[in-house]
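Enquirer: My structure is below; once you've seen it, I'll send some questions.
Protein chains: 2
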Amino acid sequence: MDQGSGKVNNEGGKLTHYEGTEKLLELWFEPITLENGETKRQKMCDLRVIPRDEIAEMLVKVKCEIVSFSERDEQHAYILSESSLFISKRRLILKTCGTTTVLASLDSLLALAKKYCNCKVVDIFYSRKNFMRPDLQHSLYKSFEDEVKYLDSIFDRGAAYVLGRMNGDCWYLYTLDDTSIEQPDQTLEMLMTDLDDEVMAHFQNTTGRKSEDVTKESGIADLVPDCKIDGFVFEPCGYSMNGLLKDDGYVTIHVTPEKEFSYVSFETNASMEDYSSLVDRILSTFRPGKFVMTLFTNEQAACRSSRDTLKETLLDRYTRHDRQYSEFKNYDLTFGHYVRDKKR
Amino acid sequence: MDQGSGKVNNEGGKLTHYEGTEKLLELWFEPITLENGETKRQKMCDLRVIPRDEIAEMLVKVKCEIVSFSERDEQHAYILSESSLFISKRRLILKTCGTTTVLASLDSLLALAKKYCNCKVVDIFYSRKNFMRPDLQHSLYKSFEDEVKYLDSIFDRGAAYVLGRMNGDCWYLYTLDDTSIEQPDQTLEMLMTDLDDEVMAHFQNTTGRKSEDVTKESGIADLVPDCKIDGFVFEPCGYSMNGLLKDDGYVTIHVTPEKEFSYVSFETNASMEDYSSLVDRILSTFRPGKFVMTLFTNEQAACRSSRDTLKETLLDRYTRHDRQYSEFKNYDLTFGHYVRDKKR
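If you're matching them up, the sequences are chains A and B in order. One rule links them: number in the working numbering = place in the first sequence (from 1) + 27. One rule links them: number in the working numbering = place in the second sequence (from 1) + 27.
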């Protein structure tokens with residue numbers, strides 16, 4: 028990606044590092060209830076009423092900006108100079124890469140949700156994979172312990188976890204051990220590194236190319252059916268897409284194609300009874316050398332337990348380095364870390 | 028416990044903190060094989076041949092000393108001024124509390140195993156619960172990240188994990204992702220805090236009391252059948268026991284009874300098909316306010332998967348705050364964190 032924060036150039040001006048690894052913030056809101064049980068302006072509890080200029084101002088703090096917008100049914104989707112923002116009635120997802128400062132949005136987001144929608148936060152999921160170059164991040168994001176201290180200063184009952192290896196590839200999570208969200212919810216994420224050169228070629232030399240062509244030629248258009256895709260090519264390379272499904276479903280993909288620090292993220296909340304064939308399509312499309320996979324599901328999710336729906340039958344080209352299954356108050360989570368088998 | 032390191036007194040001389048939480052090091056060895064496939068002095072690969080004065084010297088580095096010795100079948104067991112040491116043919120377990128420096132034993136242990144038994148390490152498990160007062164520990168042990176860096180400087184392919192909440196009660200593990208131990212192996216640990224006053228009274232005012240009486244009156248004698256118990260009372264309070272089962276089975280219990288920092292650890296490698304009734308007896312005997320429970324099992328273990336044998340049916344007085352199930356190369360691990368339900 029050529030815009031925004033996080034570029035590191037050597038003396039000749041060549042980009043020597045870009046951190047594709049995103050910081051992902053997902054917030055769930057509910058109406059503030061008055062003491063007599065009445066909900067003040069309850070009909071206003073729709074986060075989409077927050078004015079666009081307020082959102083743009085909040086994004087300045089995060090060090091990124093809006094480059095594209097799309098909508099469908101109950102959702103607004105923004106492609107950002109670094110990744111994506113999704114806003115539906117009660118859920119806001121802000122995912123940003125590079126050296127953006129996503130947690131700097133929190134004060135603004137909580138204030139905007141109160142001011143325009145009379146809403147308060149009921150659940151939060153802040154997560155990220157370990158960075159390739161933590162030393163290049165702004166100070167708060169150099170270590171997850173500091174991010175946790177900051178979040179603990181804002182939220183009560185926050186719980187922080189590390190899945191995978193502290194001294195290797197891992198995935199950090201901060202969430203609230205609190206009220207449950209009473210609707211089906213599930214999130215699959217695949218965070219892929221060391222990607223195949225041929226695949227990455229689709230996302231190189233993008234200057235002057237149409238995003239629709241890249242979406243189609245790369246196979247992204249065929250990953251999830253009935254998806255309204257808003258794709259965006261960065262110059263001279265890089266690609267982002269937001270896909271909107273019916274109701275509040277979404278898919279989002281971000282590609283950093285440079286060989287030295289290639290990274291692709293795939294995320295969806297699409298409701299499925301079994302994610303195995305989707306996982307297989309993603310692996311065939313991007314051919315990562317390594318990846319971390321997480322699946323969050325709550326009790327109402329169509330697939331029920333996250334553990335039973337990721338059977339690994341289609342992962343036979345990969346060696347599993349870690350698999351962990353966590354039971355939280357309202358969600359369960361399956362985490363896996365896989366490395367491509369060099370013999371095959 | 029009144030001996031050894033880690034006592035913190037206020038001005039009046041009253042003990043204001045003692046860290047019962049142990050650092051647990053378990054090492055597995057195998058004979059060093061020569062290049063032609065011949066095992067040099069293979070019959071000597073029995074760690075019990077290491078002379079006692081060498082062991083005592085190694086323990087000086089850890090800042091603790093031997094206070095009692097027992098043996099049975101294939102095992103030597105030592106009660107230390109801070110916790111325990113078990114030595115069988117190929118396995119060594121060193122568990123020490125207070126402000127001992129258990130990792131300072133590593134260089135000596137590896138050298139002794141090579142010198143006297145021609146053995147090298149094939150697996151390591153270093154684990155501990157979060158300390159109550161990490162600020163009182165020696166520098167290396169104030170943060171697990173530093174312990175990991177130290178272990179990574181000695182071992183290749185070490186994998187470090189945090190189970191539970193980084194910002195709450197958690198349990199740290201460092202292990203090798205390497206060769207498998209080809210014999211059944213399983214370890215149950217329960218690390219208990221906020222213990223019941225009536226139960227802790229058994230381990231208070233121990234000056235002049237017989238350890239046998241404390242073992243019997245506290246109910247410890249009835250926890251595991253066919254167990255050769257070596258108990259030890261510390262003055263003015265505190266209790267440790269090593270229990271030897273047939274072959275290389277063991278049980279070890281350590282009690283820090285002071286109300287302000289009460290702590291009890293239970294650990295066994297007893298082979299069982301189901302640990303539920305043992306867990307229930309431990310909870311009834313010690314009545315902790317909170318506890319962390321871990322069960323490690325390898326493929327050969329009688330109970331198979333650690334997850335399926337901890338059914339929680341007998342934990343109905345407790346609320347589960349976390350449960351995580353991890354699949355490592357040779358072992359699986361179930362971790363749980365439970366808090367006593369105040370309503371009952």
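No residue lacks a Cβ here, since even glycine has one placed at the ideal position from N, Cα and C.
1. Could you tell me which residues DSSP pairs with isoleucine 93 of chain A in its beta bridges?
2. Quick check: is the beta carbon of arginine 68 of chain B nearer than 8 Å to any beta carbon in chain A?
3. Beta-carbon separation of isoleucine 77 of chain A and leucine 139 of chain A under 8 Å?
4. Hey, how far is the Cα of tyrosine 177 of chain A from the Cα of aspartate 275 of chain B?
5. Would you mind listing the alpha helix (DSSP H) stretches within the stretch 141-223 of chain A that are 4+ residues and don't spill past its ends, in chain order?
6. Which whole-angstrom value is the C-beta distance of glutamine 164 of chain A and phenylalanine 158 of chain A, which I expect to be below 8 Å?
7. Could you please tell me which residues of the stretch 351-370 of chain B, in chain order, have their CB closer than 7 Å to any CB of chain A?
8. Return the CA-CA distance between aspartate 204 of chain B and proline 263 of chain B, expressed in angstroms with no decimal places.
9. Can you list, in chain order, the residues of its chain with a C-beta nearer than 7 Å to that of threonine 234 of chain A? Leave out the 5 residues immediately preceding and following it.
10. For chain A, is any of its Cβ atoms less than 8 Å away from the one on glycine 185 of chain B?
11. Can you pull the chain A neighbours of aspartate 179 of chain B, defined as C-beta to C-beta under 7 Å?
12. Which residue marks the beginning of the alpha helix (DSSP H) containing aspartate 349 of chain A, and which one marks its end?
13. Could one say the Cβ of aspartate 205 of chain B lies closer than 8 Å to chain A's Cβ atoms, at least one of them?
14. If we define contact as Cβ-Cβ less than 8 Å, is tyrosine 345 of chain A a contact residue for chain B?
15. Could you tell me the distance, in whole angstroms, from the CA atom of leucine 337 of chain A to the CA atom of glycine 246 of chain A?
16. How would you write the range of the beta strand (DSSP E) that arginine 367 of chain B sits in, first residue to last?
17. If you pair each beta-carbon of the stretch 199-219 of chain A with each one of the stretch 313-333 of chain A, do three or more pairs fall below 8 Å?
18. Can you pull the chain C residues whose beta carbon is under 8 Å from the beta carbon of valine 175 of chain A, in chain order?
19. Using only alpha-carbon positions, find the residue among A:Glu287, A:Arg344, A:Lys122, A:Val306 that is nearest to lysine 41 of chain A.
20. Quick check on tyrosine 168 of chain A - is its C-beta less than 8 Å from some C-beta in chain B?
21. Determine the contact status of serine 111 of chain A and serine 298 of chain A, defining contact as a CB-CB distance below 8 Å.
22. Excluding the 5 residues flanking glycine 316 of chain B on each side, which residues of the same chain have their C-beta closer than 6 Å to its C-beta?
23. Could you round the C-beta distance between glutamate 216 of chain B and glutamate 300 of chain B to whole angstroms and report it? I think they count as a contact, below 8 Å.
24. With a threshold of 7 Å on Cβ separation, who are the neighbours of arginine 192 of chain B within its own chain once the five nearest residues in sequence on each side are excluded?
25. With 16 as the cutoff for other CB atoms within 10 Å, does asparagine 232 of chain A come out buried or exposed?
26. When you compare each of B:Gln351, B:Thr214, B:Met320, B:Ser166 to threonine 128 of chain B by their alpha carbons, which one comes out closest?
27. Identify every run of the alpha helix (DSSP H) within the stretch 211-293 of chain B, keeping only runs that are complete inside it and at least 4 residues long; order them along the chain.
28. Between serine 332 of chain A and leucine 360 of chain A, how many whole angstroms is the CB-CB distance? I'm expecting something under 8 Å.
29. Cα-Cα, which of B:Asp150, B:Ser97, B:Cys144, B:Lys356 is closest to leucine 52 of chain B?
30. In three-state DSSP terms, what is threonine 128 of chain B?
31. Of the choices B:Lys122, B:Asp134, B:Ser353, whose alpha-carbon is the least far from that of valine 278 of chain B?
32. Phenylalanine 313 of chain B bridges to which residues according to DSSP?
33. If asparagine 296 of chain A and threonine 214 of chain A are in contact, beta carbons under 8 Å, what's the gap, nearest whole angstrom?
34. How would you write the range of the beta strand (DSSP E) that glutamate 53 of chain A sits in, first residue to last?
35. Go to threonine 123 of chain A, then tell me how far its beta strand (DSSP E) extends in each direction, as first and last residue.
36. In whole angstroms, what separates the C-alpha of tyrosine 358 of chain A from that of leucine 133 of chain B?
Expert: So, from the data block:
1. A:Leu107
2. At arginine 68 of chain B the pLDDT is 49, less than 50, meaning the model places this residue with poor confidence and gives no usable figure here.
3. yes
4. 48 Å
5. 171-181
6. 6 Å
7. Gln351, Tyr352, Ser353, Glu354
8. 43 Å
9. Glu262, Pro263
10. yes
11. Asn194
12. First-last for aspartate 349 of chain A: 345-354, but that is the beta strand (DSSP E), not the alpha helix (DSSP H).
13. no
14. no
15. 23 Å
16. 358-367
17. yes
18. Here the protein chains are A and B, and chain C is not one of them.
19. A:Glu287
20. no
21. no
22. Asp221, Arg367
23. Their Cβ separation, rounded to whole angstroms, is 19 Å, which puts glutamate 216 of chain B and glutamate 300 of chain B out of contact at 8 Å.
24. Asp349
25. exposed
26. B:Ser166
27. 224-228, 238-244
28. About 10 Å separates the two Cβ atoms, so there is no contact after all.
29. B:Asp150
30. coil
31. B:Lys122
32. Its beta-bridge partners do not exist; DSSP assigns none.
33. 5 Å
34. 50-58
35. 118-123
36. 41 Å
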